[in-house]
Structures are given as C-alpha cells and as structure tokens.
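Peer 1: Got a structure here, written out as structure tokens. Questions coming.
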Amino acid sequence: MGRQDCFDHRWQCFIGAETARALHATCATVYITVRDTAKGQKVVDDILKSDPTNKAPIHMIEMTLDDLGSVRQSAEAFLKQSDSLNLLICNAGVMATPFALTRDGCETQFATNYLSHFLLFQLLKPALLAASTPEYNSRVVMLSSESHRMGEVRCYDINFTKEKYHPMLAYGQSKTANIYMANTIDRRFGTTEGLHALSVHPGVIRSNLTAHVRHLADPLWELPAMKAREKTAAQGAATTVYAAVSREWEGKRGRYLSNCMEMGLFQGKEGFDVMDEGYAPWAYDQEKEDKLWLDSLKMIGIEDS
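Numbering (our numbering), first residue to last: 330 to 634.
In structure tokens:
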C-alpha cells in the first residue's frame, strides 16, 4: 500500500487487534503498543499465524496510557527502531470509569483517551513529518465515538473538581477532545507539511470497553434495535482502516467518519434505534480546538508546536 510503518496505538479490546491484522495484510510494518505484553504477544502470534506467507514484521512496545512517563518511554522505544512513521492510529481507550486522577493529576478518561494520545503524537510528530511525501501524505487517525455528543470539552473544569463527576460526560469530553485533536493536526500541518488527520466512530461493538457499565449495557444488547446496529470487531475496524489507507482521503482535511462514510451534523434524534451517527454542533470549533491544544501542551510540558 506504499506505507512502511504503522503504529496502531494500542490494540484495545478486539477492534485494535483487527485493525492491526488488516494493516499487516497490506504488508506494512506494524507497531502495536500494549499494556499487557503476554496478551499482546498472543495477538501478534495470531496475526502472523493467520497469514503465514506475509513476512511483514509486527513489533510490540509496552505502554500504559494512564502514565505519561510510560508514553514517553514507548515513543522513545519506537524512535530507536525507526525515524519515519507513515500512519499513527490512536485506538485505545476506557469508558465510564469511576472518578480517579492519574499519577499525573488528570481525570482518568481524559488522560487515557486523549492526553496520552496527544503526547504520543507530539513525540512522534517528527517521524510522521519525515515520512510524508507529496505522493503519500502521512496520516493520524483518532478514534472518537458518537458518545462525543454527550459532552463538550470542559476547559474550565476538565478534571471535574468544580462540579460533580459524571462518567459518561467525562467519556464524551475525551472523545470530543480526540476530534479536536484531529481537526487541529490537519489545520496546522496539512496544508504545508503533508500531515493529515481524521476522526472515526467505529460503531456499536460488544467489547470490554463497557466493563464499568456492564450492569446497564448487558440488557441493552438484547434489544432488537441494538442487535440491528451491532458490529463485529472486524466491522468496527473497517472505518479506521478505510481512513488510514484509502486514497479517497489523501490530502482531505479533518473529516469525521463512521460506517466508512463522512458524517454530517447530527440531526438531534437520540435513541438506541437511531442510525444517525453524525457529529455534535461543537465538534468543529476552531477557537475551542486551539484552546485545548495550547492547554494540552502545558499539561504535558511541551512548547507550542
């Protein structure tokens, strides 16, 4: 497919594993990051076993997302192996966790789903820029969710220290932040430096992402409306892979995708049977995007870039 290095950050539940499998099938050199190296090795072995004639390597790097120090070590480990990177997929996440602050002092979902991705991008940005060519621009794919419609980025109270914590509002905030990150990457680096970004909603997939709300989620999976929307892990990975390698998105800017299509503005009808997976009115707001970018740089201790 023309891309040499792909960094699938990190195989989360099953979607990330299927994403890595699809990218490996293109004969790309794939890097995945894992919190549990034993489980990660099983994923690597399964992918290699399923396609024995494909000799493209898969590398595994250990990383814990709720620790910015671990992210820095992971980025350093990658850069020791490669100084160019064509594609960065920020896939991992948690959902509706109880309130907690990471060792870096950030709310868990904001730190895991967004801020660690932001730091990883900043550290790998030189490699992404180095790999970009006029014929094949580098890309960043940010996994968001239709649940970004549950909450804007609360720049006044990101850690929920001023107002009562709500797990799904915090989740929505983190997923809105991922859209903002993709939009800002494309605006800052797309026109002159050939580095583009898209955000993706993978769909409704039964996975351990809902572990913290399983008492609510399990009964919902039995509803006919939910069954009609449910995707397999491979189907959930499809839009990510499409955003990552399709020529259709070469040079296009800051789009929000679902079901392998660009989404428009959400029309406002909620419900488990609603097929409208459009974006919230606040998903494109340059002033808020720029503020989050600058605030995030301060959080990770990096100068504006």
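Glycine is no exception: its CB is placed at the ideal position from the N, C-alpha and C atoms.
So, helix, strand or coil for residue 331, using DSSP?
Peer 2: Because residue 331 carries a pLDDT of 38, less than 50, the predicted location of this residue cannot be relied on, and no value is offered for it.
Peer 1: By how many angstroms is the C-alpha of residue 507 removed from the C-alpha of residue 522?
Peer 2: Using only the alpha carbons, I get a separation of about 21 angstroms.
Peer 1: Just list the residues that DSSP pairs residue 362 with in beta bridges.
Peer 2: Note: residue 362 sits in a beta bridge opposite 390.
Peer 1: Quick check: the stretch 410-419 against the stretch 462-481, are at least 3 beta-carbon pairs closer than 8 angstroms?
Peer 2: Segments in contact, yes.
Peer 1: For residue 356, which residues in the same chain have their Cβ closer than 7 angstroms to its Cβ, ignoring the five residues on either side in sequence?
Peer 2: Excluding positions up to five away in sequence, the list reads 383 and 385.
Peer 1: Assign residue 532 to one of two classes, buried (16 or more other C-beta atoms within 10 Å of its C-beta) or exposed (fewer than that).
Peer 2: By the neighbour-count rule (16 or more Cβ atoms within 10 Å), residue 532 is buried.
Peer 1: Return the CA-CA distance between residue 582 and residue 511, expressed in angstroms with no decimal places.
Peer 2: The straight-line gap from Cα to Cα measures roughly 9 angstroms.
Peer 1: Give me the Cα-Cα distance between residue 451 and residue 591, rounded to the nearest whole angstrom.
Peer 2: The alpha-carbon atoms of residue 451 and residue 591 are separated by roughly 26 angstroms.
Peer 1: If you drop the 5 nearest sequence neighbours on each side, which residues of the same chain put their C-beta closer than 8 angstroms to that of residue 390?
Peer 2: Answer for residue 390: 360, 361, 362, 363, 403, 406 and 407, listed in chain order.
Peer 1: Write down every uninterrupted run of the alpha helix (DSSP H) in the stretch 452-525 whose length is 4 residues or greater and which is fully enclosed by it, in chain order.
Peer 2: If we require 4 residues or more, the alpha helix (DSSP H) runs fully inside the stretch 452-525 come out as 496-522.
Peer 1: Taking three-plus beta-carbon pairs below 8 angstroms as touching, is the stretch 603-620 in contact with the stretch 453-463?
Peer 2: With a cut-off of 8 angstroms, the stretch 453-463 and the stretch 603-620 do not count as touching, because too few Cβ pairs lie within range.
Peer 1: For residue 349, tell me which candidate among 367, 377 and 498 has the shortest Cα-Cα distance.
Peer 2: Of 367, 377 and 498, the residue nearest in Cα terms is 377.
Peer 1: Please determine whether the Cβ atom of residue 493 lies at a distance below 7 angstroms from any heavy atom of the ligand GTP.
Peer 2: Absence of the ligand GTP is noted for the structure shown, with no ligands found whatsoever.
Peer 1: In three-state DSSP terms, what is residue 627?
Peer 2: In this structure, residue 627 counts as helix in the three-state DSSP scheme.
Peer 1: Can you tell me where the alpha helix (DSSP H) with residue 587 in it begins and where it stops?
Peer 2: Residue 587 -> not in any alpha helix (DSSP H); beta strand (DSSP E) instead, spanning 585-587.
Peer 1: Taking the CB atoms as reference points, tell me whether residue 397 and residue 448 lie closer together than 8 angstroms.
Peer 2: Result yes, Cβ atoms of residue 397 and residue 448 sit closer than 8 angstroms.
Peer 1: Grab the span of the alpha helix (DSSP H) containing residue 397 for me, first residue to last.
Peer 2: Start and end: 397-410.
Peer 1: Tell whether a beta-carbon distance below 8 angstroms holds between residue 358 and residue 395.
Peer 2: Cβ distance not < 8 angstroms, so residue 358 and residue 395 don't count as in contact.
Peer 1: Measuring straight from C-alpha to C-alpha, what distance separates residue 379 and residue 481?
Peer 2: About 41 angstroms.
Peer 1: Among residues of its own chain, excluding the 5 on either side of residue 410, which ones have a beta-carbon nearer than 7 angstroms to its beta-carbon?
Peer 2: So the list reads 388, once near-sequence residues are dropped.
Peer 1: Can you tell me which of the three DSSP states residue 414 falls into?
Peer 2: Residue 414 falls in the coil class under three-state DSSP.
Peer 1: Tell me which residue opens and which closes the alpha helix (DSSP H) that residue 345 is part of.
Peer 2: Run containing residue 345: 344-354, per the alpha helix (DSSP H) assignment.
Peer 1: Using CA atoms only, rank isn't needed, just tell me which of 419, 503 and 530 is closest to residue 489.
Peer 2: Selected option, being the one with the closest Cα: 503.
Peer 1: In chain order, what residues of the same chain lie with their CB nearer than 6 angstroms to the CB of residue 461, ignoring the 5 residues before and after it?
Peer 2: Answer for residue 461: 467, 523 and 524, listed in chain order.
Peer 1: For a quick check, are the C-beta atoms of residue 623 and residue 484 less than 8 angstroms apart?
Peer 2: No, Cβ-Cβ distance for residue 623 and residue 484 is not below 8 angstroms.
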